[in-house]
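Keeping their order, the protein sequence lines are chains L and C.
Under the UniProt record's numbering, think of the first position of the first sequence as 1, with each following residue one higher.
Under the UniProt record's numbering, think of the first position of the second sequence as 1, with each following residue one higher.
Note that the Cβ used here is the ideal one computed from N, Cα and C, for glycine as well.
Since this is a predicted model, take the numbers as computed values, not measurements.
Below: the structure, in structure tokens.
Protein chains: 2
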Amino acid sequence: MKELEARIKEDGRVLGADILKVDSFLNHQIDPKLMQAMGAEFARLFKDQGITKVITVEASGIAPAVMAGLSLDVPVVFARKSKSRILSDDAYTADVYSYTKQSTNQIRIDKRFLSADDHVLLIDDFLANGQALLGMKALADDAGATIVGAGIVIEKSFQPGRQAAIEAGLTNIHSLAKIAAFEDGQVVFDEAN
Amino acid sequence: MKELEARIKEDGRVLGADILKVDSFLNHQIDPKLMQAMGAEFARLFKDQGITKVITVEASGIAPAVMAGLSLDVPVVFARKSKSRILSDDAYTADVYSYTKQSTNQIRIDKRFLSADDHVLLIDDFLANGQALLGMKALADDAGATIVGAGIVIEKSFQPGRQAAIEAGLTNIHSLAKIAAFEDGQVVFDEAN
Chain L
1 MKELEARIKE DGRVLGADIL KVDSFLNHQI DPKLMQAMGA EFARLFKDQG
51 ITKVITVEAS GIAPAVMAGL SLDVPVVFAR KSKSRILSDD AYTADVYSYT
101 KQSTNQIRID KRFLSADDHV LLIDDFLANG QALLGMKALA DDAGATIVGA
151 GIVIEKSFQP GRQAAIEAGL TNIHSLAKIA AFEDGQVVFD EAN
Chain C
1 MKELEARIKE DGRVLGADIL KVDSFLNHQI DPKLMQAMGA EFARLFKDQG
51 ITKVITVEAS GIAPAVMAGL SLDVPVVFAR KSKSRILSDD AYTADVYSYT
101 KQSTNQIRID KRFLSADDHV LLIDDFLANG QALLGMKALA DDAGATIVGA
151 GIVIEKSFQP GRQAAIEAGL TNIHSLAKIA AFEDGQVVFD EAN
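Given below as structure tokens:
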């Protein structure tokens, strides 16, 4: 998505070997118009696939997911994150390890909001190591829901997330921007799709 | 806002004396079309006031805030919550006590995203005891920003939040739905505005 790539070039900050900060428009400060355009693009990529629900994880996934839900005209469910591992009969739960924060969170979705009748689109802001995506897949699998695909805002394709997701059985993974590498503090996009 | 009141009547669940669960359309599962209508209503209520930025707190504030930002055509900043109190030269911070969770979180906004030039609209999903709103006010005050007002999705007007906010100097507080009481498990709206 050219508009997103241009914004990453302009406002993204490359820190160290593999960190891209996009907190000026995506995950701290948010550009609502860009989110709307991204939502429309997700809807275009996943249209006519019978999606009944968009699933994401708080907090950075919410804005793009809500805009995707708006364009697809379906509800959005954001999984809650918690440090404490609470087992509950009322919720699907999965553990998600964050390499950035070096800690494990439990993510959970109330069973009232995900069922075997659902065809879900998984949305997240980043695909790097794939842990959040695998966690969402585990919740959907527990519910017996059908996963239609995954929509990612920014994929770091030099990291193993996509491969891990494919090995876990996920298909139809679309990323709006794919980063092949960081070179001299600059972002190099992977133009293949 | 009649559409929101109708939805609360239909899908809200009253638990005990003072808890309203709206997790089927607002703060776990989200209805994007309702969020869009709420964003438009916030924009109508606060138009022509020179707003430069919408401020909210993760995670439940993000969806209504992004839709308000979309309608007002300004960026949205969501304050990050953290259990650990980290002092930083790079961020404005405030402590927020949650009566529901009986614990204190620090909320923080990077100093790059809030300044004395900003005219901010504070958005949150609930106004009950007012702690989150006072926390956001503290961040804006620290930045020297001008607070134009506060937009609340659901106010429990039998709780002291509005009074606390007014005493702290906040003006122009608009709530899309004001709940006067829960009676026999039913919501009674406060029709005054």
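Which residues DSSP lists as bridging Asp124 of chain C, in chain order = C:Ile152
If we ignore side chains and look at the alpha-carbon of each, how far apart do Ala165 of chain L and Thr171 of chain L end up?
-> 8 Å
Establish whether the CB of Phe182 of chain L and some CB of chain C are separated by less than 8 Å.
-> no
Whole-angstrom distance between Gly39 of chain C and Asp124 of chain C, CA atom to CA atom | 12 Å
Return the first residue and the last residue of the alpha helix (DSSP H) that Ile8 of chain L is part of.
-> 2 to 11
With a 10 Å radius around its C-beta and 16 neighbouring C-beta atoms as the bar for buried, classify Gln102 of chain L as buried or exposed.
-> exposed
Whole runs of the alpha helix (DSSP H) within the region 25 to 59 of chain C, excluding any shorter than 4 residues = 32 to 45
Quick one, which residues of the region 38 to 59 of chain L are near chain C if we go by CB-CB under 9 Å, in chain order?
-> Gly39, Lys53, Val54, Glu58, Ala59
Simplified DSSP assignment, three categories, for Ser71 of chain C = helix
Would you kindly work out how many angstroms separate the C-alpha atoms of Glu167 of chain C and Pro160 of chain C, rounded to a whole number?
-> 11 Å
Would you please verify whether the beta carbon of Gly144 of chain C is less than 8 Å from any beta carbon of chain L?
-> no
Grab me the residues of residue 194 of chain C's own chain with a C-beta within less than 7 Å of its C-beta, minus the 5 sequence neighbours each way, in chain order.
-> In the structure as shown, chain C starts at 1 and stops at 193, and residue 194 of chain C therefore has no counterpart that could be examined.
For Gln102 of chain C, which residues in chain L fall below 8 Å Cβ to Cβ?
-> Going along chain L, no residue has its Cβ under 8 Å from Gln102 of chain C, so there is no contact; the nearest lies around 14 Å.
Under the assumption that Gly135 of chain L contacts Val96 of chain L (Cβ atoms under 8 Å), give the Cβ distance between them as a whole number of angstroms.
-> 4 Å
Whole-number beta carbon distance between Ile51 of chain L and Val74 of chain L, since they are thought to touch under 8 Å = 6 Å
Any chance the region 14 to 27 of chain L sits against the region 3 to 19 of chain C, with 3 or more Cβ pairs inside 8 Å?
-> no
Kindly list the residues whose CB is nearer than 7 Å to the CB of Ile62 of chain L, restricted to its own chain and excluding five residues on each side of it in sequence; keep chain order.
-> Thr56, Phe78
With distances taken Cα to Cα, identify the nearest neighbour of Ser98 of chain L among L:Ile8, L:Val120, L:Ala128, L:Leu87.
-> L:Ala128
Answer yes or no: does any C-beta atom of chain C fall closer than 8 Å to that of Pro125 of chain L?
-> For the record, residue 125 of chain L in the displayed sequence is Asp; it is not Pro. Output row for Asp125 of chain L: interface = no.
What residues of chain L sit near Gln36 of chain C, judged by a beta carbon separation below 7 Å?
-> Leu70
From His119 of chain C to Asp117 of chain L, what does the alpha carbon distance come to, in whole angstroms?
-> 46 Å
Output yes or no for whether 8 Å exceeds the beta carbon distance between Ile154 of chain L and Val54 of chain L.
-> no
Quick one: complete alpha helix (DSSP H) runs, 4+ long, within the region 100 to 144 of chain L?
-> 131 to 143
Cα-Cα separation, Lys137 of chain C to Asp190 of chain L = 42 Å
Where Asn105 of chain C and Lys156 of chain C are concerned, what is the direct C-alpha to C-alpha distance, given to the nearest angstrom?
-> 22 Å
In this structure, does DSSP put Glu191 of chain L in helix, strand or coil?
-> coil
Selection from L:Phe158, L:Ser175, L:His174 that minimises the alpha carbon distance to Glu183 of chain L = L:Phe158
Would a check of beta-carbon distances place Asp118 of chain L closer than 8 Å to chain D?
-> The structure shown contains no chain D; the protein chains it does contain are L and C.
Residues of chain C with a CB under 7 Å from the CB of Ala63 of chain L: which are they?
-> Ile62, Val66
Val22 of chain L, DSSP secondary structure in three states = coil
So which residues of chain C does Asp110 of chain L contact, with C-beta pairs closer than 7 Å?
-> Asp23, His28
Using DSSP with H/G/I as helix, E/B as strand and the rest coil, what is Pro80 of chain C?
-> Strictly speaking, residue 80 of chain C in this sequence is Arg, with Pro absent from that position. DSSP places Arg80 of chain C in strand when its eight states are reduced to three.
8 Å Cβ cut-off: residues of chain C touching Val77 of chain L | His28, Gln29, Ile30
Quick one: is Ser84 of chain L buried, meaning 16 or more other Cβ sit within 10 Å of its Cβ, or exposed?
-> exposed
At a Cβ cut of 7 Å, what residues of the region 161 to 180 of chain L count as close to chain C, listed as they run along the chain?
-> none
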